[in-house]
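In short: position in the sequence shown from 1, add 11, done, that's my numbering.
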Amino acid sequence: MIEIDGSFGEGGGQILRAAVSFAAFLGEDVKITNIRARRENPGIRPQHKMAIRAVAEISGATVEGNEVGSSQIVFMPGTAKGGRFYFDIGTAGSITLVLQCVIPVAFVASSPTEVSIKGGTDVSGSPTSDYFENVFVKAVNWLGGNVSYQLKRRGYYPRGQGVVEVRVEPVRHLKGATLLERRGVRVRGRSHCSRLPAHVARRQAMSAKEMLLRKGIQDVEIAESTDDDSLDPGSSVALWLEEEGVFLGSDSLGARGKKAEFVGSEAAEKLISELSTGAPLDAHMGDMILPYLFLSTEKSEVRISRVTMHLFTEVYVAKKFPGIRVELVGDVEQAGLLRILPLKKLI
Numbered sequence: 012m013i014e015i016d017g018s019f020g021e022g023g024g025q026i027l028r029a030a031v032s033f034a035a036f037l038g039e040d041v042k043i044t045n046i047r048a049r050r051e052n053p054g055i056r057p058q059h060k061m062a063i064r065a066v067a068e069i070s071g072a073t074v075e076g077n078e079v080g081s082s083q084i085v086f087m088p089g090t091a092k093g094g095r096f097y098f099d100i101g102t103a104g105s106i107t108l109v110l111q112c113v114i115p116v117a118f119v120a121s122s123p124t125e126v127s128i129k130g131g132t133d134v135s136g137s138p139t140s141d142y143f144e145n146v147f148v149k150a151v152n153w154l155g156g157n158v159s160y161q162l163k164r165r166g167y168y169p170r171g172q173g174v175v176e177v178r179v180e181p182v183r184h185l186k187g188a189t190l191l192e193r194r195g196v197r198v199r200g201r202s203h204c205s206r207l208p209a210h211v212a213r214r215q216a217m218s219a220k221e222m223l224l225r226k227g228i229q230d231v232e233i234a235e236s237t238d239d240d241s242l243d244p245g246s247s248v249a250l251w252l253e254e255e256g257v258f259l260g261s262d263s264l265g266a267r268g269k270k271a272e273f274v275g276s277e278a279a280e281k282l283i284s285e286l287s288t289g290a291p292l293d294a295h296m297g298d299m300i301l302p303y304l305f306l307s308t309e310k311s312e313v314r315i316s317r318v319t320m321h322l323f324t325e326v327y328v329a330k331k332f333p334g335i336r337v338e339l340v341g342d343v344e345q346a347g348l349l350r351i352l353p354l355k356k357l358i
């Protein structure tokens, strides 16, 4: 059984989610100890418990210790058979973080997997729904996946209750990726607000576009949308590049007392920072895309705008599994390069 020290690196929920997801789609038993040991509230939190439960149900796993406050779990995957699944995270726990865990597992299932999740779609500390759909899902499908993503209702802090439905077709393997540069800069985006005046979305979009124009980026289109379907008011802006083989974006969340103009300019500033290195993948896509590169029969080499602690931690976890061959070139907070060789059992 593979053993992983959950206090490594940041020692947060990322190492737990990565270990469980890798174990499920690679078919390896794993024991994770010292879960969030150095955090103020150590051990498994409710949102982690739900993510583990979701991966376990989809992979037919047996799990020991998946309780709030637990410092250790044992995860023994079974066989992913596909089917329909429903998960309610509760309050505004992040839907996109749970989906990051379950989609790789659904790829190795024997039939299509349909997942409906209730929780937070646009919440702090995780990719917003628009970023997830227009950057991450596009990247996975570009690699040869078949993932459909439908946002049914947005969910904001504190009550959440947003709904997302995802369908994943099983794949035998994905293609490798050589993503080392980008060329043009065509920016697309969405500015959204829920249970707020329409001018909030408009001001967010205008502010983002004005900042990008000041930086010499001329090709910018940001759609605006509003609704009153969510339980709580909220807003967000997501920006991304529209270019073949480039998966780079940014987002920003509204908050009480945070001006709409600042929400828009914040998203634009993040995007400008991501663009500065010339890499075709943004900092968050580094750790998000990694599991899918292991499902390829070809080698991959991808440049990332910035190595995050999340990516550093995920590479540490990946190297614990037999057959994984990955090299991360670059220090944390610097531009980086990922090199991945195919799993021998897939060749």
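Yeah, the Cβ is synthetic: ideal placement off N, Cα and C, and Gly gets one too.
- Contact between Thr132 and Ile106 holds: CB atoms are separated by about 6 Å, below the 8 Å threshold.
- In the three-state DSSP reduction, Arg214 falls in the helix class (H, G or I).
- Sequence-distant partners of Val79 (beyond 5 residues in either direction) whose C-beta falls short of 8 Å from its own C-beta, in its chain, are Gly54, Ile55, Arg56, Pro57 and Lys60.
- In this structure the region 293 to 304 lies against the region 255 to 262, because at least three pairs of beta carbons, one per stretch, are closer than 8 Å.
- Within the same chain, Cβ atoms closer than 6 Å to the Cβ of Leu301 are found at Glu325, the five residues on either side in sequence being excluded.
- DSSP places Gly347 in no alpha helix (DSSP H) but in the uninterrupted beta strand (DSSP E) bounded by Gly347 to Leu352.
- Residue range Met320 to Ala329 is occupied by the alpha helix (DSSP H) that includes Tyr327.
- When the Cα atoms are used, Val41 and Ser135 turn out to be separated by approximately 29 Å.
- Taken through DSSP and simplified to helix, strand or coil, Lys226 comes out as coil.
- Excluding residues up to 5 positions away in sequence, Gly17, Ile43, Ile46 and His59 lie with their Cβ nearer than 7 Å to the Cβ of Leu27 in the same chain.
- Distance from the CA atom of Ser276 to the CA atom of Lys269, rounded to whole angstroms, is 12 Å.
- For Ile315, the beta-bridge partners assigned by DSSP are Leu292 and Gly347.
- Look at the beta carbons and you see the region 159 to 170 not touching the region 183 to 197: under three pairs across the two are nearer than 8 Å.
- The Cβ atoms of Val318 and Val343 sit closer than 8 Å to each other.
- For the pair Ser205 and Gly155, the CB atoms are not nearer than the 8 Å cut-off.
- Counting only runs of 4 or more residues that sit fully inside the region 249 to 289, the alpha helix (DSSP H) segments are 271 to 286, in chain order.
- Here Ala103 is buried, its C-beta having at least 16 other C-beta atoms within 10 Å.
- Counting C-beta pairs with one atom in each stretch, the region 113 to 125 and the region 227 to 237 have fewer than three that are closer than 8 Å, which means they do not touch.
- Arg50 is positioned such that its CB atom lies closer than 8 Å to that of Gly23.
- DSSP places Leu185 in no beta strand (DSSP E); its state is neither H nor E.
- Taken through DSSP and simplified to helix, strand or coil, Val109 comes out as helix.
- Between Ser137 and Leu108, the C-beta spacing is below 8 Å.
- A Cβ-Cβ distance of about 14 Å is found for the pair Val175 and Cys112, leaving them out of contact under the 8 Å criterion.
- In the DSSP annotation of this structure, the continuous segment of the beta strand (DSSP E) that includes Val179 starts and ends at Gly173 to Val179.
- Rounded to whole angstroms, the gap between the alpha carbons of Glu14 and Leu354 is 20 Å.
- The beta carbon of Phe19 lies closer than 7 Å to those of Ile26, Thr324 and Tyr327 in the same chain, with the five residues before and after it left out.
- The continuous alpha helix (DSSP H) containing Gly24 extends over residues Gly24 to Leu37.
- The beta carbons of Ser311 and Leu304 sit closer together than 8 Å.
- As a beta-bridge residue in DSSP terms, Val158 pairs with Val179.
- For Asn77, the number of other beta carbons within 10 angstroms of its own is at least 16, and it is reported as buried.
- Cβ neighbours of Lys92 within its own chain (closer than 7 Å, five residues either side excluded): Gly71, Ala120, Ser121 and Ser122.
- Secondary structure at Glu51: coil, using DSSP grouped into helix, strand and coil.
- Across the structure, Gly101 and Leu110 are spaced so that their CA atoms are roughly 15 Å apart.
- In the structure shown, Phe143 adopts helical secondary structure according to DSSP, grouped into three states.
- For Phe118 against Phe36, the beta-carbon gap comes to about 7 Å, under 8 Å, which counts as contact.
- The alpha-carbon of Thr90 is positioned some 13 Å away from that of Pro115.
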